[in-house]
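Be aware that the sequence shown starts at 0, since it is given in numbering that gives the first Met the number 0, and climbs by one per residue. A short worksheet on the structure shown next.
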Amino acid sequence: MAGAELEPVIGLEIHVQLRTATKMFCGCALGFGEPPNTRTCPVCLGLPGALPVANAEAIHYGLMIGMALESTLAPVSTFHRKNYFYPDLPKGYQISQFDLPLCSGGVLGDVNIHRVHLEEDAAKLNHAGVSGRIEGAESSIVDFNRGGTPLAEIVTEPELRSAEQAGEWLRLLRTTLRTLGVSDVNMEEGSLRCDANISLRPVGTNELGTKTELKNMNSFRFIERGIRAEVERQRALIDAGESVTQETLHFDPKTESITSLRSKEEAHDYRYFPEPDLPPIVITDAMLARASEALPELPAARERRYVDQLSLSADSARLFAWRAELADFFDAVCDSDATLDPQVAANWVTELQGRLVDEEPQDSKVTPASLAQLAALVASSTVNQGGAKQVLEQMLANGGEPAEIVAAEGLEAVGGADELAPVVAAALEANPELTERLRGGDMKPIGVIVGEVMKQTRGRADGKEVTALVREQLGLS
Ligand SMILES: [Zn+2]
């Protein structure tokens with residue numbers, strides 16, 4: 000394979016905690032931020048004789064997710080036991096789904112979905128370091144509050160081709176789940192967690208290379224950086240004539256390093272078998288009708304509406320629809336000034352977003368109303384594009400009203416022949432050689448003259464207006 004051009008093949012597995020009132024198989028309330036081990040019962044602690052009951056609301060949310068992803072919904076699906084030992088799993092098995100998942104197939108954006116199934120979350124292990132209980136021994140503390148929280152696991156086909164595409168698609172999925180209202184989708188708190196399967200293959204071939212799995216990444220930035228680092232690691236191995244080993248990996252965002260968690264030889268044999276304590280889930284017409292009625296406007300529909308009703312460019316419509324925070328901010332900008340051209344509002348939201356690193360516009364010092372005011376100041380030629388961008392920088396740093404910033408910083412546009420004509424005349428006079436060339440029809444030096452005028456007006460003139468004045472003063476049509 001060495002020498003051939005290689006392309007990454009990436010599939011994602013996403014675990015989503017569902018925002019139900021109670022756990023997946025018992026009546027315990029979900030415990031986020033509660034004192035440890037206060038949201039437990041014999042069922043979620045796996046005590047002998049306790050019997051699970053499937054949470055109808057979690058199944059309802061699962062159906063909504065399946066509908067939003069255009070999956071095929073199984074008329075009958077079953078729960079299986081996935082057997083393995085770990086201290087965060089009191090039963091010695093996790094109740095999950097195996098050969099009959101709730102949803103199969105589907106598509107979101109430009110990526111096909113393999114399946115969606117329901118399962119329960121494990122408890123949370125807190126590695127406490129050396130404790131006083133056992134002299135010198137490292138200890139971990141188990142909080143069973145999280146154990147049994149309903150999860151939907153969403154698995155994509157291996158169709159993503161870059162870290163950036165994976166990050167962008169994941170934002171679309173997060174927006175979709177957030178819009179459905181089925182989860183908090185808070186990545187830092189772990190209610191949306193992502194694993195990535197990564198392999199490389201020569202461009203133009205269909206066979207899959209040996210894959211590795213990057214586990215449990217909990218921010219968009221880490222996911223993109225982790226995938227990028229793993230793609231580069233595999234590329235270096237293949238370029239050096241070595242082979243990739245199938246293994247599970249951990250990406251440390253602090254050191255940008257990738258370490259092995261376990262190799263294929265250590266992989267679990269889960270010995271799935273049907274959960275004998277739970278009957279199959281039989282989906283009725285009433286359940287389908289309820290899920291379908293609960294569906295809100297999804298990103299694809301929002302994207303269409305932005306193009307059809309607001310005449311947004313395809314790029315703006317997609318950027319916003321795929322990221323609900325941007326779309327909500329854009330809607331708020333439009334709402335605060337109905338006279339604003341939606342595309343102009345969209346451009347300013349994009350301008351703002353480009354200046355934010357990991358933040359959403361809602362968390363910045365710029366409010367939708369102030370961004371609408373800034374756009375209006377540009378529309379009325381009170382300030383030009385360059386000046387407005389300086390105002391935006393100020394708003395980001397300190398907040399405040401754009402009109403006040405324009406006045407305080409003296410950023411009002413220099414416009415109209417009265418103000419601008421003498422500046423243009425002076426610039427021509429100061430550059431007699433260039434002026435001669437322009438007069439002779441060689442328009443190349445016009446940029447220098449415009450630049451000179453911009454310098455004299457500290458960027459407050461309008462480039463097009465300056466160009467027009469130069470032509471006028473030189474008698475060029
Ligand atoms: Zn419980």
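All C-beta atoms in this analysis are idealised placements derived from N, C-alpha and C, irrespective of residue type, glycine included.
Straight across, the Cα-Cα distance linking Leu171 with Leu318 is about 9 Å. Between Thr39 and Pro273, the gap from beta carbon to beta carbon reaches 7 Å or more. In the DSSP assignment, Arg80 falls within the beta strand (DSSP E) that extends over 79-82.
With fewer than 16 other Cβ atoms inside 10 Å of its own Cβ, Val281 counts as exposed.
DSSP, reduced to helix, strand and coil, places Asp142 within a strand of the structure shown.
Between ligand 1 and Cys43, a heavy atom-to-CB distance of less than 6 Å is present.
Membership of Leu213 in the beta strand (DSSP E) is indicated by the continuous run 211-216. Here Leu176 carries a helix assignment [DSSP, helix/strand/coil]. Within the chosen limit of 6 Å, ligand 1 does not reach the beta carbon of Lys123 with any heavy atom. DSSP, reduced to helix, strand and coil, places Phe250 within a strand of the structure shown. Taken in chain order, the complete alpha helix (DSSP H) segments of 4 or more residues contained in the segment 20-101 are 55-67. Per DSSP, Pro367 is one residue of the alpha helix (DSSP H) stretching across 367-378.
For Gly386, the uninterrupted alpha helix (DSSP H) run begins and ends at 384-397, by DSSP. Taking Val469 as reference, the option from Glu428, Ala345, Thr244 with the minimal CA-CA separation is Glu428. Look at Ala460 here: in three-state DSSP terms it is strand. Among the bridge pairs identified by DSSP, Val422 is matched with none. Assignment of Val202 by DSSP, reduced to helix, strand and coil, places it in the coil class. Around the beta carbon of Lys443, a 10 Å sphere encloses fewer than 16 other beta carbons of the protein chains shown; the residue is thus reported as exposed. Fully contained in the segment 268-324 are the following alpha helix (DSSP H) runs of length 4 or more, in chain order: 284-292, 298-309, 313-320. About 7 Å separates the beta carbons of Ile197 and Leu213, which is inside the 8 Å limit, making them a contact pair. A direct Cα-Cα distance of roughly 15 Å separates Ala73 from Ser95. The alpha-carbon of Ala57 is positioned some 51 Å away from that of Glu403. Residue burial annotation: Gly474 is exposed, with fewer than 16 other C-beta atoms found within 10 angstroms of its C-beta. Taking all protein chains shown into account, Tyr92 has 16 or more neighbouring C-beta atoms within 10 Å of its C-beta and is therefore buried.
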